[in-house]
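Asker: Questions regarding the structure given below will be posed in turn.
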Amino acid sequence: MRRYPPIADHGLVGDLQTAALVSSDGVIDWFCAPRFDSPSLFAALLDHERGGHFAVTVEGEDVTTRQLYLADTAVLVTRFLTPDGVGEVVDFMPVDRPETATDRHRLIRVLRVTRGRVRFTLECRPRFDYGRADHRLDLRPDRAHFSGPGTDAYLQSAGPLTLERDGTDARSVVELAHGERAALILTVCATGAEPPAPPTPEALETEFHAARAFWHRWLRRSTYRGRWQAMVNRSAITLKLLTYAPTGAPVAAATTGLPEQLGGARNWDYRYTWVRDASLSMQALMALGFTEAAHAFRRWLGERLRSGRTATGEPLQIMYRVDGDPHLAEETLDHLEGHRGSAPVRVGNGAADQLQLDI
């Protein structure tokens with residue numbers, strides 16, 4: 258597992274309220290819940306040692322990886338090619354009533370082998386609240402319950418996969434043959450919420466087809482019929498994934514704290530709605546025929562205007578939370594000062610030099 262893979266070596270999965278980054282090694286190294294701008298559960302992208310990660314990898318010197326999306330969907334496939342076989346990890350987040358804000362979110366990871374035999378290694382190492390908070394682990398062979406401050410995370414397994422304790426983390430090793438499958442379901446919810454029901458193969462199959470169908474239905478609204486259709490569709494899906502459905506407000510990027518320059522000070526947080534950039538994103542979606550996205554953002558923007566002038570007398574701030582709150586968190590992640598650029602993360606207060614997510 259690489260310590261700091263480039264941001265370009267990641268795929269993005271999400272449910273229109275939050276999103277996770279999956280490296281081409283099969284490692285989820287960035288995930289915040291329940292919203293884009295919530296504290297992180299996995300943040301190894303910023304701090305390999307202390308940030309936390311959820312890895313499903315295939316070890317070996319002769320392993321080659323490829324990453325792709327199922328056509329016109331946000332279902333991500335990480336493929337491992339080994340001398341003994343070909344294995345895949347299929348990642349997606351179910352999209353269920355995205356316009357209703359919820360504290361319950363699920364990441365589903367399906368392990369499968371399409372040729373020969375492949376040995377997968379699992380590591381689930383959550384680090385709550387940007388790695389600052391300790392957590393407890395209640396472990397069963399098919400379920401790990403990670404309990405952090407105000408948040409519970411349940412990791413459930415399906416198929417021939419047994420979870421083992423590694424301190425307060427969980428790990429497993431499973432070897433699958435051609436045609437065999439296993440699955441891992443991570444459910445994040447508020448402390449005290451009802452635990453998720455045990456997964457069944459039938460339910461997982463239904464979830465998979467529902468996720469594909471959602472994205473296919475959404476893309477059918479596109480009016481674009483020009484060249485490079487697949488690339489345009491992929492760009493549209495990415496913009497949609499970065500839009501907080503309950504309010505219609507897009508974030509500038511899924512991440513925070515990626516330094517513009519290693520060792521530099523511009524480690525901005527882009528999990529907020531920057532009015533200028535959001536307007537450009539909505540303009541692009543509207544040009545493709547996704548007028549409902551533009552209407553939702555217009556309503557959100559109208560509410561900001563009606564809320565009154567800013568402290569400086571201007572009609573709008575340059576950025577807001579996705580729920581429209583103008584008071585941005587002044588949280589600085591000093592506990593991650595050793596990450597990537599060794600400078601603290603700051604909430605941006607200017608519109609210049611924005612780092613865009615590029616996948």
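In my numbering, the protein residues as written are 258 to 616.
Every residue gets a Cβ at the ideal spot worked out from N, C-alpha and C, and that includes glycine.
Using alpha carbons as the reference points, say which of 548, 501 and 568 lies closest to residue 293.
Answerer: Here residue 293 is taken as the residue at index 36 of the sequence shown, counted from 1. Nearest of 548, 501 and 568 to residue 293, Cα basis: 501.
Asker: Do residue 332 and residue 313 count as a contact pair if the criterion is CB distance below 8 Å?
Answerer: As a working note, residue 313 is residue 56 in the sequence shown. As a working note, residue 332 is residue 75 in the sequence shown. No, Cβ-Cβ distance for residue 313 and residue 332 is not below 8 Å.
Asker: Straight-line CA distance for residue 408 to residue 296?
Answerer: For the purposes of this step, residue 408 is taken as the residue at position 151 of the sequence shown. For the purposes of this step, residue 296 is taken as the residue at position 39 of the sequence shown. Each residue's alpha carbon lies about 10 Å from the other.
Asker: In whole angstroms, what is the alpha-carbon distance linking residue 436 and residue 341?
Answerer: Reading the sequence shown from its first residue, position 179 is the one you call residue 436. Reading the sequence shown from its first residue, position 84 is the one you call residue 341. In a straight line, the C-alpha of residue 436 is about 14 Å away from that of residue 341.
Asker: Identify every residue that forms a DSSP beta bridge with residue 543.
Answerer: On the sequence shown, residue 543 is found 286 positions in, with the first residue counted as 1. None, per the DSSP bridge assignment.
Asker: DSSP three-state call for residue 388: helix, strand or coil?
Answerer: Against the sequence shown, residue 388 aligns to sequence position 131. If DSSP states are grouped into helix, strand and coil, residue 388 belongs with the helices.
Asker: Assess contact between the segment 379-387 and the segment 422-437, defined as three or more Cβ pairs (one per stretch) separated by less than 8 Å. Is contact present?
Answerer: Yes, since at least three Cβ pairs between the segment 379-387 and the segment 422-437 fall closer than 8 Å, the two stretches touch.
Asker: Looking only at C-alpha atoms, which of 454, 496 and 259 sits nearest to residue 363?
Answerer: As a working note, residue 363 is residue 106 in the sequence shown. If we check each option's Cα against that of residue 363, 454 comes out closest.
Asker: Between the C-alpha atoms of residue 398 and residue 433, what's the straight-line distance to the nearest angstrom?
Answerer: Residue numbering aside, residue 398 sits at position 141 when the sequence shown is read from its first letter. Residue numbering aside, residue 433 sits at position 176 when the sequence shown is read from its first letter. Each residue's alpha carbon lies about 18 Å from the other.
Asker: Could you pull out every unbroken alpha helix (DSSP H) segment of at least 4 residues lying fully inside the segment 464-498, listed in chain order?
Answerer: You should have 486-498.
Asker: Taking C-alpha atoms, which residue in 490, 462 and 357 lies nearest to residue 503?
Answerer: By 1-based counting over the sequence shown, the position of residue 503 is 246. Looking at the Cα atoms, 357 is the closest of the given residues.
Asker: Could you check the C-alpha separation between residue 288 and residue 299 for me, to the nearest Å?
Answerer: Reading the sequence shown from its first residue, position 31 is the one you call residue 288. Reading the sequence shown from its first residue, position 42 is the one you call residue 299. Going by the C-alpha atoms only, they are around 5 Å apart.
Asker: Using 8 Å as the threshold, is the segment 563-581 in touch with the segment 524-533, meaning 3 or more CB pairs across them?
Answerer: The segment 563-581, when compared against the segment 524-533, does touch it at the 8 Å Cβ threshold.
Asker: Whose C-beta lies closer than 8 Å to the C-beta of residue 388 among residues of the same chain, with five residues either side of it excluded?
Answerer: Looking up residue 388 in the sequence shown gives position 131. The residues are 297, 300, 304, 307, 308, 309, 592 and 593.
Asker: Nearest to residue 457 by alpha carbon, out of 480, 413, 494 and 495?
Answerer: Indexing the sequence shown from 1 puts residue 457 at position 200. Closest option to residue 457, Cα to Cα, is 413.
Asker: Report the three-state DSSP secondary structure of residue 305 (helix, strand or coil).
Answerer: Position 48 of the sequence shown, counted from the start, is the residue given in the question as residue 305. Coil.
Asker: Is the separation between the beta-carbon of residue 361 and that of residue 444 shorter than 8 Å?
Answerer: By one-based count along the sequence shown, residue 361 stands at place 104. By one-based count along the sequence shown, residue 444 stands at place 187. Yes, Cβ-Cβ distance for residue 361 and residue 444 is below 8 Å.
Asker: In whole angstroms, what separates the C-alpha of residue 264 from that of residue 552?
Answerer: As a first step, residue 264 is located in the sequence shown; it is residue number 7 there, counting from the start. As a first step, residue 552 is located in the sequence shown; it is residue number 295 there, counting from the start. Their Cα atoms are separated by approximately 31 Å.
Asker: Pick out the complete alpha helix (DSSP H) segments inside the segment 408-446, 4 residues or longer, and give them in chain order.
Answerer: Segments of the alpha helix (DSSP H) lying fully in the segment 408-446: there are none.
Asker: Just reading off the alpha helix (DSSP H) that residue 559 is part of, what are its end residues?
Answerer: For the purposes of this step, residue 559 is taken as the residue at position 302 of the sequence shown. Taken as a continuous stretch (DSSP letters only), the alpha helix (DSSP H) holding residue 559 covers 548-563.
Asker: So is residue 525 buried or exposed if we call it buried at 16+ other beta carbons inside 10 Å?
Answerer: Position 268 of the sequence shown, counted from the first residue, corresponds to residue 525. By the 10 Å Cβ count, residue 525 comes out buried.
Asker: Do residue 345 and residue 374 have their C-beta atoms within less than 8 Å of each other?
Answerer: Against the sequence shown, residue 345 aligns to sequence position 88. Against the sequence shown, residue 374 aligns to sequence position 117. Their beta carbons are not under 8 Å apart, which means residue 345 does not touch residue 374 by this criterion.
Asker: If you run the structure through DSSP and keep just helix, strand and coil, what is residue 536?
Answerer: Looking up residue 536 in the sequence shown gives position 279. Correct three-state label for residue 536: helix.
Asker: Quick one: using the 10 Å Cβ neighbour count with 16 as the cut-off for buried, is residue 571 buried or exposed?
Answerer: Numbered from 1 along the sequence shown, position 314 holds the residue referred to as residue 571. Exposed, because fewer than 16 other Cβ atoms sit within 10 Å of the Cβ of residue 571.
Asker: Assuming residue 416 contacts residue 438 under a Cβ cut-off of 8 Å, what Cβ separation, rounded to an integer in Å, is found between them?
Answerer: Position 159 of the sequence shown, counting from 1, holds the residue named residue 416. Position 181 of the sequence shown, counting from 1, holds the residue named residue 438. About 6 Å; that satisfies the 8 Å criterion.
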